[in-house]
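First up is the structure itself, then whatever we jot down about it.
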Amino acid sequence: MGASVGPMYSGMLNELGDLLVDEIDIDSDVVDDVDADIVEAIRGAVRLRAAADHVLARLAAQAERVGVAKRSGMRTRELLRCNGMTPTAAIRCLRVGRALPELPTLRRHSAHGFLSGEHVHAVVEGVTHVSIRTHSPIGSSAMAEVESTLVRHAIAGAGPAELMRLARAAAIAATPPRDSVPAAEDATLNEMAWHQSEDGRLQGTFDLDVLTGERLISAIDAASRPRPMPDGSQDDRSAQRRRADAFGQLIECAVRASSADATVGVPKTEVVMTVPIGDPMPIRLNWLGPLTERGALLVGCDTSLTRVDVDSNGAPIAVSETRRLFTGAVRKAIVVRDRCCVKCGAPASWTDCHHIIHHTDGGPTTIDNGCLLCRSCHTAVHHQGWEVFMGPDRHPRLIPPASVDPTRTPQPAYHRRTMRLDPDVRRHAA
Ligand SMILES: [Zn+2]
Ligand SMILES: [Zn+2]
Numbered sequence: 101m102g103a104s105v106g107p108m109y110s111g112m113l114n115e116l117g118d119l120l121v122d123e124i125d126i127d128s129d130v131v132d133d134v135d136a137d138i139v140e141a142i143r144g145a146v147r148l149r150a151a152a153d154h155v156l157a158r159l160a161a162q163a164e165r166v167g168v169a170k171r172s173g174m175r176t177r178e179l180l181r182c183n184g185m186t187p188t189a190a191i192r193c194l195r196v197g198r199a200l201p202e203l204p205t206l207r208r209h210s211a212h213g214f215l216s217g218e219h220v221h222a223v224v225e226g227v228t229h230v231s232i233r234t235h236s237p238i239g240s241s242a243m244a245e246v247e248s249t250l251v252r253h254a255i256a257g258a259g260p261a262e263l264m265r266l267a268r269a270a271a272i273a274a275t276p277p278r279d280s281v282p283a284a285e286d287a288t289l290n291e292m293a294w295h296q297s298e299d300g301r302l303q304g305t306f307d308l309d310v311l312t313g314e315r316l317i318s319a320i321d322a323a324s325r326p327r328p329m330p331d332g333s334q335d336d337r338s339a340q341r342r343r344a345d346a347f348g349q350l351i352e353c354a355v356r357a358s359s360a361d362a363t364v365g366v367p368k369t370e371v372v373m374t375v376p377i378g379d380p381m382p383i384r385l386n387w388l389g390p391l392t393e394r395g396a397l398l399v400g401c402d403t404s405l406t407r408v409d410v411d412s413n414g415a416p417i418a419v420s421e422t423r424r425l426f427t428g429a430v431r432k433a434i435v436v437r438d439r440c441c442v443k444c445g446a447p448a449s450w451t452d453c454h455h456i457i458h459h460t461d462g463g464p465t466t467i468d469n470g471c472l473l474c475r476s477c478h479t480a481v482h483h484q485g486w487e488v489f490m491g492p493d494r495h496p497r498l499i500p501p502a503s504v505d506p507t508r509t510p511q512p513a514y515h516r517r518t519m520r521l522d523p524d525v526r527r528h529a530a
């Protein structure tokens, strides 16, 4: 494309955008309620999006080559972000744009809008993966073959994850046996990365060899089995949620196992919390930032916590001892009494000790003010309306939220439910 065509083309892109926007009435449907019309419109919009992604990738690479961003003192991906792209999309777009000149088959299909931006990115990632693993440069005939295989599968309907699987398989098949360790079993390639999302959550990816992966899956699988609710009804957490809960639990268990107090399972995870004094600034965690007061109560219940009070300029005024409230004999006694999570029956070594009356409300750290709750049940008590109180027999009882049980009938602790000795249960049965 010659230099003289550039300005016309950039004007055309904006005109196309205007045209699309002007033609579509924001208050009515895009097309009539005719199946064939809707499907055709979807196909058209998908192709438009794919073609636009292609143009964007090429523009990103061009901006980088010409040094547009550098002249404004930023990186190309920042330039993309400044113009409305999300951080992940900007990185992907640039990666695709850089790779396209060397991948003619992919470039052709991408330019014609036959492959979505996600598919194109997956092919780029796949070819790059095989190229690194086999030490063959992109552009070599072996890589051209990998490229066209992946493109063929993408057109035939393979999704991005499937394309990566195919690429890994191709890399393993192409690695000479004398290189001994295939990529799937090579722990030196393992990676784990994370970033904080815009809503403050932690998101991440990992890339593990099969053995580590197998250990991870079997550990999570064992810890993520459904556990019944106190009334015997099914665990209503989704499989994904149960796996995430199990992951949190395993981290906790791992640090407990190496702690001096391992027999009673005292976690060692340490949290540093910054509390601004006389200032509306939120309480902050050291790594991940703002925390609600409710969240702080949960953290304060049973974590090794260091509290740093700061003034309005963020300068520390006071720092607490790093301490954990339920330790040693008190925790042991509570484990003897409760045996397991009082809500779901998860093993005692997985549990936090919950302050029945919050520590910050003056609740003492005593046997009668503590009970065992696993991390997901602990969250349910602090955030989802479950309540705990100590019964007259000095065993904890749970009151479900009204959304679970409109009568809010107290339930005995888990290991006492099956015994049927609990006075509350007897009274209900009578
Ligand atoms: Zn539980
Ligand atoms: Zn608690």
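If you use the working numbering, the sequence shown corresponds to residues 101 to 530, in order.
For glycine and all other residues, C-beta sits at the position ideal for the given N, C-alpha and C.
Are the Cβ atoms of residue i and residue j separated by less than 8 angstroms?
i    : j    : result
D452 : R475 : yes
A222 : A274 : no
P390 : Q511 : no
I320 : L350 : yes
R497 : D468 : no
I434 : M490 : no
I124 : V131 : no
A284 : R265 : no
V442 : C471 : yes
V410 : P376 : yes
R194 : A161 : Note that residue 194 is Leu in the sequence shown here, rather than Arg. Contact: yes.
V220 : E247 : no
Of all the options the options, which has the alpha carbon lying nearest to the alpha carbon of residue i?
i    : options                   : result
T509 : R516, P501 and V371       : P501
L156 : K170, A211 and L120       : A211
A74  : V355, T507 and D345       : Any answer about residue 74 is impossible in this case: the structure gives the chain only from 101 up to 530.
S231 : E245, L308, V371 and A189 : E245
E218 : A151, E164, T176 and I238 : A151
G400 : S128, L425 and T305       : L425
G445 : V430, H478, G414 and H459 : H478
L159 : V134, D133, R192 and Q340 : R192
S412 : H253, R394 and I383       : I383
Provide the residue(s) that pair with residue i in DSSP beta bridges, ordered along the chain.
i    : result
G470 : H455
P376 : V410
H295 : Q303
I499 : E487
L385 : M373 and G389
P447 : C440
Can you tell me whether residue i is helix, strand or coil according to DSSP?
i    : result
S104 : Low confidence applies here, because S104 scores a pLDDT of 45, under 50, leaving its location unreliable and the question unanswered by this model.
P367 : In this prediction, P367 has a pLDDT of 48, which is less than 50 and means its spatial position is unreliable; what the coordinates show is noted afterwards. Note: P367 maps to coil in three-state DSSP.
I232 : helix
P204 : helix
A418 : strand
L391 : strand
Y514 : helix
L156 : helix
L425 : coil
L179 : helix
L215 : coil
V220 : helix
Could one say the Cβ of residue i lies closer than 8 angstroms to chain C's Cβ atoms, at least one of them?
i    : result
D452 : No chain C is part of this structure, which consists of one protein chain only.
At least 3 beta-carbon pairs within less than 8 angstroms: the stretch 135–145 vs the stretch 201–213: Under the Cβ criterion (8 angstroms, minimum of three pairs), the stretch 135–145 does not count as touching the stretch 201–213.
Flag this pair as touching only if the stretch 255–270 and the stretch 300–310 have three or more C-beta atom pairs under 8 angstroms; answer yes or no. Segments in contact, no.
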